[in-house]
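Just so we're aligned: 105 in full-length UniProt numbering is position 105 of the sequence shown, and the numbers increase by one with no gaps anywhere. Read through the structure below, which is laid out as structure tokens, and then see the notes.
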Amino acid sequence: MKKIAKIFGWLVIVILFAYGITNLEREAFSQAFNMPWHTVLCLIILQGISFSLVTLQYKWLISNCSYKISYFNMFSINLAGKFMESITPSIKAGGESVKILLLKKELKIEYPQIFAISVAQKTCSIIIYLLLVAGAFIYVDFTFELSLNGPIIFFVILLTALVVFKFLLNKYYAIVVSKIFLVISHLKKFDVKLIVAVLVSNLVVWGLYPLKFLLIANFFGFSLDIWQIMMVVYLADGIAMLPTTPGSVGTFEGGMGVMLSAQGVDFGAAFASAVIFRFFTFWALMLFSAGFISVTKLFGYNKNISL
């Protein structure tokens with residue numbers, strides 16, 4: 001059954017990509033090369049802020065455990081994790097595994113302590129992500145002819161999600177409960193003010209995502225409000241977390257393209273904007289990670305970073 005589901009998932013990805021490529025407007029992609037330099041610069045700066053904040057979160061959590069790590073070393077480890085995340089088809093697990101291994105090598109501490117740091121950071125990030133997704137779903141204008149359709153669709157999706165959740169909870173109740181208590185026990189190891197600071201910084205990180213796409217949407221001339229952009233961006237990122245292809249190639253771009261076209265955007269332009277957005281928020285960082293790690297290894301700046 002799992003094999004059939006996996007094959008079906010791959011077929012969906014291939015179909016979406018094939019449809020996207022065959023229906024692309026050449027003008028949409030050629031227009032992308034004319035993107036103003038200040039827009040490109042803003043996208044790079046915003047992505048840099050996001051990555052720097054995540055690096056700071058890890059540094060704060062490590063310091064709270066009475067260990068010291070320089071910002072440069074944490075930045076390097078975070079980049080190594082980002083690079084591995086981009087080439088493995090797992091829900092960011094590949095990147096986290098690399099971070100845990102490198103942190104153990106750097107800090108000389110046991111795995112349970114490093115695992116607690118990783119769980120705390122990811123839990124705070126997921127909490128903010130889910131809150132923003134819920135907010136976007138509640139307030140988004142679905143642009144249907146009848147204003148009642150939006151709430152009805154949201155209710156159907158919510159009801160379906162609850163049914164699936166109840167089924168999974170009944171089947172894996174003991175495992176779910178044990179994992180929840182494990183997460184809570186890890187969070188209790190950290191200062192409350194620190195957890196609040198990590199939550200707030202994650203709010204900034206996730207809040208910058210729709211802002212980045214807003215710059216691209218304005219460039220292409222899309223008439224979308226911020227709530228529509230939030231829904232599309234966050235759901236596309238959620239789709240990209242599914243363990244399908246290395247770096248979620250195709251799943252993010254295809255999912256975002258379909259959701260944008262469902263809101264009245266031409267599919268060619270929608271797919272092009274999704275590819276550009278993914279490049280600045282993911283692939284450019286992956287290329288920078290590879291270059292940064294190579295240079296630091298070449299000049300011996302950080303001998304603990306090795307993939």
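Each residue gets a CB set at the ideal place from its N, CA and C atoms; glycine is no exception. No experiment lies behind these values; they were computed from the predicted model shown.
Query raised in the report: Helix or strand or just coil, what does DSSP make of Lys-108?
Result: Taking the first residue of the sequence shown as 1, we reach residue 108 at position 108. In this structure, Lys-108 counts as coil in the three-state DSSP scheme.
Report task. Please work out which residues of its chain come closer than 7 Å, Cβ to Cβ, to Ile-128, disregarding the five sequence neighbours upstream and downstream, and give them in chain order. Result -> As a first step, residue 128 must be located in the sequence shown, where it is residue number 128. These residues qualify, in order along the chain: Leu-199, Asn-202, Leu-203, Trp-206.
Query raised in the report: So Gln-57 is in the alpha helix (DSSP H); what residue range does that whole segment cover?
Result: Sequence index remark: in the sequence shown, residue 57 carries index 57 (1-based). Secondary structure note for Gln-57: its alpha helix (DSSP H) is the uninterrupted segment 37–64.
Query raised in the report: What residue does the alpha helix (DSSP H) around Asn-218 start on, and which one ends it?
Result: Start at 1 with the first residue of the sequence shown, and residue 218 comes out as number 218. Segment 192–220, the alpha helix (DSSP H) holding Asn-218.
Report task. Give me the Cα-Cα distance between Ile-293 and Leu-53, rounded to the nearest whole angstrom. Result -> Here residue 293 corresponds to residue number 293 of the sequence shown, with the count starting at 1. Here residue 53 corresponds to residue number 53 of the sequence shown, with the count starting at 1. Taking the straight line from one Cα to the other gives about 19 Å.
Report task. Identify the continuous alpha helix (DSSP H) that holds Trp-227 and give its terminal residues. Result -> Mapped onto the sequence shown, residue 227 falls at position 227. From DSSP, the alpha helix (DSSP H) with Trp-227 extends over 226–240.
Query raised in the report: Taking the alpha helix (DSSP H) that Val-275 falls in, what are its first and last residues?
Result: As a position in the sequence shown, residue 275 is number 275, starting the count at 1. Following the DSSP letters along the chain, one finds Val-275 inside the alpha helix (DSSP H) bounded by residues 267–278.
Requested in this report: Could you check the C-alpha separation between Leu-298 and Ser-76 for me, to the nearest Å?
Outcome: Sequence index remark: in the sequence shown, residue 298 carries index 298 (1-based). Sequence index remark: in the sequence shown, residue 76 carries index 76 (1-based). Near 14 Å, if we compare the C-alpha coordinates of Ser-76 and Leu-298.
Query - Of the listed residues Thr-296, Ile-69, Leu-101, Ala-120, nearest to Asp-191 (C-alpha basis) - result: As a first step, residue 191 is located in the sequence shown; it is residue number 191 there, counting from the start. Ranked by Cα distance from Asp-191, the options Thr-296, Ile-69, Leu-101, Ala-120 are led by Ala-120.
**Report entry** Host alpha helix (DSSP H) of Gly-291 (start-end)
**Finding:** For the purposes of this step, residue 291 is taken as the residue at position 291 of the sequence shown. For Gly-291, the enclosing alpha helix (DSSP H) covers residues 284–298.
Query - Nearest-angstrom Cβ-Cβ length linking Met-286 and Ser-86, presumed shorter than 8 Å - result: The sequence position of residue 286 within the sequence shown is 286, counting from 1. The sequence position of residue 86 within the sequence shown is 86, counting from 1. Correct: roughly 4 Å between the Cβ atoms.
Report task. Evaluate the contact criterion for the stretch 251–261 versus the stretch 45–62: three or more CB pairs, one atom per stretch, below 8 Å. Result -> With the cut-off at 8 Å, the stretch 251–261 and the stretch 45–62 do not touch.
Query raised in the report: How big is the Cα-Cα spacing for Ala-116 and Lys-59?
Result: The residue you call residue 116 lines up with position 116 of the sequence shown. The residue you call residue 59 lines up with position 59 of the sequence shown. CA-CA distance, Ala-116 to Lys-59, rounds to 13 Å.
Query raised in the report: Ends of the alpha helix (DSSP H) at Ile-251?
Result: As a working mapping, residue 251 is identified with position 251 in the sequence shown. Looking at the sequence itself, residue 251 is Thr, so the reference to Ile does not match. First-last of the alpha helix (DSSP H) with Thr-251: 251–262.
Query raised in the report: Distance, Cα to Cα, Tyr-71 vs Ile-100?
Result: Against the sequence shown, residue 71 aligns to sequence position 71. Against the sequence shown, residue 100 aligns to sequence position 100. Roughly 16 Å separates the two Cα atoms.
**Report entry** C-alpha distance - Ile-44 paired with Asp-225, whole-angstrom precision
**Finding:** By 1-based counting over the sequence shown, the position of residue 44 is 44. By 1-based counting over the sequence shown, the position of residue 225 is 225. So the alpha carbons of these two residues sit roughly 23 Å apart.
Report task. Assign Asn-34 to one of three DSSP states: helix, strand, or coil. Result -> The residue given as residue 34 occupies position 34 in the sequence shown. DSSP places Asn-34 in coil when its eight states are reduced to three.
Query raised in the report: Do you know offhand how far Ser-125's Cα is from Asn-73's?
Result: The count along the sequence shown starts at 1 and reaches residue 125 at position 125. The count along the sequence shown starts at 1 and reaches residue 73 at position 73. Linking Ser-125 to Asn-73 through their CA atoms gives a straight-line distance of about 22 Å.
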